[in-house]
Amino acid sequence: MPATYEPIATNTLGSAASSVTFSSIPGTYTDLIVVMQYANSTGTADVYFQFNSDTGSNYSRTQLYGTGSVAGSNAGTSETALNGVGYVGTTLSQSISHIMNYSNATTYKTVLIRNDPTANNVTAVVGLWRSTSAITTIKIGYSTNNFIAGSTFTIYGIKSA
Amino acid sequence: MAPILGVIASANQGQFISYTDYASIATTTVGSGGAATITFSSIPSTYQHLQIRAFARSDRSAGVDIMSMRMNSDTAANYSDHLLYGDGTTAQTDVNINATTINIQRLASDNLSANIFSDFVIDILDYANTNKYKTIRYLSGYDANGSGRVGLGSGSWRNTAAVTSITLTSAFSSNYKQYSSFALYGIKG
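Chains H and R are the protein sequences, given in the same order. Quick note: the first sequence uses the numbering used here, first residue 295, plus one each step. Quick note: the second sequence uses the numbering used here, first residue 98, plus one each step.
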């Protein structure tokens, strides 16, 4: 029986890097799931996605968070990347992103994210990429520092009947 | 190494399964005429859990919509749900008790700009067990570049019957739009 849910690509960093890019993503799945576990050596900042090398102001997001003392919500509009995909600090964080119907060429793309920065907060995020293009490339970036060696990034594909 | 179930589900669970233990049961994609109801019927009881992954939008123009879930065609007031959500400004919560459906919020609609759809990942746990009520949980949301909603929800169907059918409608009796898709998966124990 063919696998319904299978890994497409994995990158475990052998040395520190500021971004990871998955390219030539096949359009043969229904949804993509991106699983990441990462940290950096100093400071904290957002992790972001950029699709198909689009650096235009075509991304937005709505975020729900809890810090341990307060629950809140914030948003970003017309951003140049889908921020809030993760939040990196010096302790390991993990996030799981669901990119639904990623290969359709008719609608904008909506992404659901659960993000668990262990030392900071817990978040749920919905993101939008205002493009009707099929997603073939995902850049996972971190602008202010590097992901440490050993950080892991995996893309899975899910096929529906 | 097999992935943790949390890779499949909407949050971490800490169990281990293999890639082939996640199976596609049925998929519905809405055509140009729209659809008022999505039904998954004759659901086999051979899995441990179910997951619905949906990408959807309705034709409601008066406001953003709500997806309504019903099990085994039970129309009685045997459902309840809780929701924690963020709207971009504040975190809020919502509840429905003794309801005739489980509300799953929010469903993008024609109240928003074109091409914006909601995502839903809905887990229905131990659905074939005949000794306890059924519990679901979900992660859902839409973003419209200036408005949006992301939510973590739970729901209950106060019935011990195995779930053999699931219907998904609009709480406002609107229709799902073309390109909406709904996929049901089974997860083996």
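Idealized CB from N, CA, C, for every residue including glycine.
Can you confirm whether residue i, when its beta carbon is compared against all beta carbons of chain H, has any partner nearer than 9 Å?
i: Phe214(R); result: yes
i: Phe269(R); result: no
i: Gln202(R); result: no
i: Ala280(R); result: yes
i: Leu265(R); result: no
i: Thr117(R); result: yes
i: Arg157(R); result: no
i: Ser244(R); result: yes
i: Val104(R); result: Its pLDDT being 39, under 50, Val104(R) is placed unreliably by the model, and the measurement read from it follows with that caveat. Chain H, which has a Cβ nearer than 9 Å to the Cβ of Val104(R), makes this yes.
i: Tyr239(R); result: yes
i: Tyr182(R); result: yes
i: Tyr276(R); result: yes
i: Arg150(R); result: yes
i: Gly248(R); result: yes
i: Ser121(R); result: yes
Answer with buried or exposed for residue i, where buried requires no fewer than 16 other C-beta atoms within 10 angstroms of its C-beta.
i: Gly321(H); result: exposed
i: Ser445(H); result: buried
i: Ser158(R); result: exposed
i: Thr404(H); result: buried
i: Tyr230(R); result: exposed
i: Thr426(H); result: exposed
i: Thr298(H); result: buried
i: Asn195(R); result: exposed
i: Ser372(H); result: exposed
i: Ser237(R); result: buried
i: Thr400(H); result: exposed
i: Met98(R); result: Reliability of the predicted coordinates at Met98(R) is poor, the pLDDT of 32 falling under 50, and the value obtained from them is presented with this limitation in mind. So Met98(R) counts as exposed.
i: Ser317(H); result: exposed
i: Ser215(R); result: buried
i: Ser259(H); result: The structure shown does not extend to residue 259(H), since chain H spans only 295 to 455, so no value can be given for it.
i: Gly243(R); result: exposed
i: Ala241(R); result: buried
i: Thr125(R); result: buried
i: Ala211(R); result: exposed
i: Arg203(R); result: buried
i: Ser129(R); result: exposed
Is the beta carbon of residue i less than 9 Å from the beta carbon of residue j?
i: Gly378(H); j: Gly366(H); result: no
i: Asp191(R); j: Tyr273(R); result: no
i: Tyr332(H); j: Leu386(H); result: yes
i: Gly185(R); j: Gly248(R); result: no
i: Ala153(R); j: Met168(R); result: no
i: Thr324(H); j: Gly451(H); result: yes
i: Tyr283(R); j: Leu147(R); result: Reading off the sequence, residue 283(R) comes out as Gly, not Tyr. Yes, the Cβ-Cβ distance between Gly283(R) and Leu147(R) is below 9 Å.
i: Val328(H); j: Ser391(H); result: yes
i: Ser278(R); j: Asn395(H); result: yes
i: Ile199(R); j: Ile233(R); result: yes
i: Pro411(H); j: Val364(H); result: no
i: Ala258(R); j: Thr227(R); result: yes
i: Ser267(R); j: Asp162(R); result: yes
i: Arg408(H); j: Asn352(H); result: no
i: Ile319(H); j: Ile429(H); result: yes
i: Thr134(R); j: Thr261(R); result: no
i: Gln357(H); j: Ala418(H); result: yes
i: Gly250(R); j: Asn208(R); result: no
Any C-beta of chain R sitting closer than 9 Å to the C-beta of residue i?
i: Leu386(H); result: no
i: Gly421(H); result: yes
i: Asp340(H); result: no
i: Leu358(H); result: yes
i: Met330(H); result: no
i: Asn346(H); result: no
i: Ala455(H); result: yes
i: Ala428(H); result: no
i: Ala418(H); result: yes
i: Thr324(H); result: yes
i: Tyr436(H); result: no
i: Leu307(H); result: no
i: Asn398(H); result: yes
i: Ala297(H); result: yes
Please state whether DSSP places residue i in a helix, a strand or coil.
i: Gly103(R); result: In this prediction, Gly103(R) has a pLDDT of 40, which is less than 50 and means its spatial position is unreliable; what the coordinates show is noted afterwards. If DSSP states are grouped into helix, strand and coil, Gly103(R) belongs with the helices.
i: Asp216(R); result: strand
i: Asp184(R); result: coil
i: Thr126(R); result: strand
i: Thr374(H); result: coil
i: Asp156(R); result: coil
i: Asp118(R); result: helix
i: Asn195(R); result: strand
i: Phe269(R); result: coil
i: Ala369(H); result: strand
i: Ser313(H); result: strand
i: Tyr353(H); result: strand
i: Asp178(R); result: strand
Would residue i count as contacting chain A if we go by Cβ distances under 9 Å?
i: Val314(H); result: Of the chains in the structure shown, none is chain A; the protein chains are H and R.
Check: Can you list, in chain order, the stretches of the beta strand (DSSP E) that have 3 or more residues and sit fully within the segment 224 to 257 of chain R?
Finding: 231 to 240 and 245 to 254
Margin query: Threshold first: 3 residues or longer. Then list the beta strand (DSSP E) segments lying entirely within the segment 389 to 447 of chain H, N to C.
Written below: 403 to 411, 416 to 423 and 432 to 435
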